[in-house]
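Visitor: The structure under discussion is supplied below as structure tokens; questions concerning it will follow.
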Amino acid sequence: MSSGLLYGLGIMSGTSLDGLDLCYVEFKKDDDSYFKILNTKTFNYDNNWKKKLSDIHLKNNLEIKKIDLEFARLISEKILKFKRDNKILKLDFISSHGHTVKHKPPEYSIQIGNGKLINELTNITTINDFRTQDIDLGGQGAPLVPIGDKYLFGQYKYCLNLGGIANISLKENGKMKAYDICGCNILLNTYSKIYNKEYDKYGFLSSKGKIIPWLIEKLNTINYNFIKGPKSLDKISMMKNNYNIIDDYISKMDDVNLKKIGYDILATVVEHISYEISKAVNTKSDFDNILITGGGAKNVFLVEQIKNKLKCRVIIPKKTIVDFKEALIFAYMGKLRLQNKINCLQSVTGAKRNHSSGFIYN
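At position 278 of the sequence shown (counting the first as 1) the number is 276 in my numbering, and the numbers step up by one without a gap.
Okay, structure coming up:
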């Protein structure tokens, strides 16, 4: 390892299936608030991998184990290409979140992307599986990002990630709190497919619609909305139990009527997301600020609706942070794990204690 510095590669695959995010970062061993992003890259999934990851929750354990190894090979291949393309000579560790198959606290959380195999194929120290230990300690195994929000983005009162799921970190009475708020890009991507679009670019589709009164009332009274944190959402159970009302509604329509009402469904979903976020950001102060990152930060219409409901200052950072903040923070979690420092916060996940989580393969 380089004197005084650590070079890590954070890897993230999110619920939106946008692709595999790689973030190469310089850290200081003795300064937990320092980071410098050196290179980034998103490797988009081909249709085969999109389908494989989308359907993996339907597979049996044997099939999941097989895909776990296949995904580790894919990750390793992309790491080695990324290293070659960027002529990276210093890389002390890989820190990989993998891709979530099932998240069902307090029982388990399963991610694919076998850390042992990544280590063997790249010959680089690899850290992965950050959630299991937290669940073993009585936590939700999520959210994990708040440790980075606390030390790397501590100048913000709120950090909001608009990913597949909208989640938030905030400081309250000197402690970090964080939780999943509601579905976000998962919903917008799903219903953009009505118009054969992968996602609602800039919010163009949703901006054309009108809010459906009965539907917004149903969405805003989903049971999950009233559960106090720590709490977390799983893509599969969320779509099945929380947002099935939308699917039930559109299942009765033919294509012609669906295309007429699709804009309104998307507009209603945006209203729901922005409303739930406004409840989470409970501030009356103009001096408070909120950092917004994740794919949804590029959705102009969604961000406008959020701004309209908030009193505090909304900050959209540079594109690298918008796109790679989660991969950056997983690199940071790996750095802390290698130094045996706390990287999971009890106040956030509900675990019995703060702890240093992640399996290390040398």
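For glycine and all other residues, C-beta sits at the position ideal for the given N, C-alpha and C.
Could you tell me whether the Cβ atoms of P144 and L343 are closer together than 8 Å?
Guide: Cβ atoms of P144 and L343: closer than 8 Å.
Visitor: Do G113 and F357 have their beta-carbon atoms positioned less than 8 Å apart in this structure?
Guide: It is a contact, given that the beta carbons lie within the stated cut-off.
Visitor: At what residue ranges does the segment 123 to 202 contain a whole run of the beta strand (DSSP E), taking only runs of 3 or more?
Guide: DSSP runs (the beta strand (DSSP E)) wholly in the segment 123 to 202: 124 to 126, 156 to 160, 163 to 170 and 173 to 181.
Visitor: Would you tell me roughly how many angstroms separate the C-alpha atoms of F285 and V346, rounded to the nearest one?
Guide: Near 24 Å, if we compare the C-alpha coordinates of V346 and F285.
Visitor: Using C-beta distances below 6 Å, list every residue in its chain close to S272, excluding the 5 sequence neighbours before and after it, in chain order.
Guide: Excluding positions up to five away in sequence, the list reads Q303, I304 and K307.
Visitor: By how many angstroms is the C-alpha of N338 removed from the C-alpha of S167?
Guide: If you take the alpha carbons of S167 and N338, they lie about 23 Å apart.
Visitor: Counting Cβ pairs, one atom from each stretch, are 3 or more of them under 8 Å apart for the segment 168 to 175 and the segment 231 to 241?
Guide: Result no; under three Cβ-Cβ pairs closer than 8 Å.
Visitor: Classify K323 as buried or exposed, calling it buried when 16 or more other Cβ atoms lie within 10 Å of its own Cβ.
Guide: The residue is buried, with at least 16 neighbouring Cβ atoms inside 10 Å.
Visitor: Got a sec? Which residues, its chain only, sit under 6 Å from K148 by beta carbon, not counting five neighbours each side?
Guide: M174, listed in sequence order.
Visitor: For L119 versus D198, is the C-beta spacing smaller than 8 Å?
Guide: In this structure, D198 does not lie closer than 8 Å to L119 by Cβ.
Visitor: Buried or exposed: which applies to S31, given that a residue is buried once 16 or more other Cβ atoms fall within 10 Å of its Cβ?
Guide: S31 is exposed by the Cβ-count criterion.
Visitor: Taking C-beta to C-beta, are K102 and D262 nearer than 8 Å?
Guide: Going by C-beta atoms, K102 is not nearer than 8 Å to D262.
Visitor: Among L7, Q138, I214 and K216, whose alpha-carbon lies nearest the alpha-carbon of L78?
Guide: When only C-alpha atoms are compared, the closest one is L7.
Visitor: Compute the distance between the beta-carbons of F128 and H95, then report whether it is under 8 Å.
Guide: Contact flag set, yes.
Visitor: Can you tell me which of Q153, F80 and K258 puts its alpha carbon nearest to the alpha carbon of Y22?
Guide: If we check each option's Cα against that of Y22, F80 comes out closest.
Visitor: Among the candidates Y359, N280 and N297, whose CA atom is the shortest distance from the CA of C310?
Guide: Considering only alpha carbons, the answer is N280.
Visitor: Out of curiosity, what's the CA-to-CA distance linking Y154 and I288?
Guide: Spanning the two alpha carbons is a distance of roughly 6 Å.
Visitor: Which stretch, first to last residue, makes up the alpha helix (DSSP H) that contains P344?
Guide: For clarity, residue 344 is Gln in the given sequence; the question names Pro instead. Its alpha helix (DSSP H) spans residues Q344 to T347.
Visitor: If you follow the alpha helix (DSSP H) that F80 is part of, which residue opens it and which one closes it?
Guide: Taken as a continuous stretch (DSSP letters only), the alpha helix (DSSP H) holding F80 covers N59 to D83.
Visitor: Mapping DSSP to helix, strand and coil, what is N242?
Guide: Three-state DSSP puts N242 in a helix.
Visitor: Within its chain, find whatever has a CB closer than 6 Å to the CB of K206; leave out the 5 residues flanking it on each side and keep chain order.
Guide: Correct list, in chain order: Y261.
Visitor: Using the C-alpha atoms, what's the distance from K27 back to Q361?
Guide: Past the boundaries of the shown model lies residue 361; the chain is included only from -1 to 360, so the question cannot be answered.
Visitor: Going by CA-CA distance only, name the one from A164, D245 and L60 that's closest to A295.
Guide: Selected option, being the one with the closest Cα: A164.
Visitor: Which residue marks the beginning of the alpha helix (DSSP H) containing M331, and which one marks its end?
Guide: Unbroken alpha helix (DSSP H) run through M331: K317 to L336.
Visitor: Could you spell out where the beta strand (DSSP E) holding D19 opens and where it closes?
Guide: D19 -> beta strand (DSSP E) spans L18 to K26.
Visitor: What do you reckon, are the CB atoms on K50 and L15 nearer than 8 Å?
Guide: Contact: no.
Visitor: Along the chain, where does the beta strand (DSSP E) that runs through I288 open and close?
Guide: Note, I288: beta strand (DSSP E), N287 to T291.
Visitor: Cα separation between I179 and L89?
Guide: Computed Cα separation, rounded: 35 Å.
Visitor: With distance defined between alpha-carbon atoms, name the residue in I340, S354, L72 and Y330 nearest to L18.
Guide: Residue L72 is the option with its Cα nearest to L18.
Visitor: Determine the contact status of T266 and L213, defining contact as a CB-CB distance below 8 Å.
Guide: In contact: T266 and L213 (Cβ atoms closer than 8 Å).
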